[in-house]
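One structure is given here, and the rest of the page talks about it.
Residue numbers (the UniProt record's numbering): 1 to 189.
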């Protein structure tokens, strides 16, 4: 990564925000919430079915992060650290009651007015429904790895940190998830 790369600048900025939050700067922590809250919500929503549980998971993630911010050592990025907390909260919510992934769309459906091809619109909608169904049937860890890699675009080392796996373990779960999804979605190949 080169200097001036937005990914590098953002990580440095996130680390500075985390350090400021650890020193008691609430506005720095609020910036981290605004920056990473949508991704954490997206992840939690796809890992559990209950909308109320999703809100609780994300809120509990940020409460735990605020309480632990002074212990953030910077061994990973703040984003990875927040996803790790969120992943633990998701697991905790599954322990309380067995949840099934939410039947929402992985991607926003195409705007009907944007496409003049009704067949494409129906096909896309059917594909997204089949993808959601196939994701729901994956074991939770495989689903988590697939979502973190394909939707949140995290690296295998980051995913490993989040889910307490080695990078190779995360890669293996991703491979198994992709293989299963490819088999289930063969019709759309």
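Even glycine gets a Cβ: it sits at the ideal position worked out from N, Cα and C.
Contact annotation, residue 40 with residue 130: C-beta distance approximately 26 angstroms; criterion of less than 8 angstroms not satisfied.
When only Cα atoms are considered, residue 149 and residue 23 end up about 32 angstroms apart. Between residue 151 and residue 25, the alpha-carbon positions lie close to 31 angstroms from each other.
Between the beta-carbon of residue 80 and that of residue 161 there is about 5 angstroms, and that keeps the pair under the 8 angstroms contact cut. Residue 138 sits in coil when the DSSP states are folded into three classes, being neither helix nor strand. Only residues of its own chain outside the window of five on either side were considered, and among them 48, 53, 57, 99 have a CB closer than 7 angstroms to the CB of residue 93, listed in chain order. For residue 175, the number of other beta carbons within 10 angstroms of its own is below 16, and it is reported as exposed.
Counting only residues of its own chain and dropping the five nearest sequence neighbours on each side, residue 91 has no CB closer than 6 angstroms to any other CB. For residue 84, the closest of 30, 55, 17, 145 by C-alpha to C-alpha distance is 145. When the five nearest sequence neighbours on each side are left out, the beta carbons in the same chain lying within less than 8 angstroms of the beta carbon of residue 37 are those of 58, 62, in order along the chain. As the crow flies, the alpha-carbon of residue 34 is around 27 angstroms from that of residue 170. For residue 70, no alpha helix (DSSP H) encloses it, and the DSSP letter there is neither H nor E.
When the alpha-carbon of residue 44 is set against those of 86, 70, 167, the nearest one is in 86.
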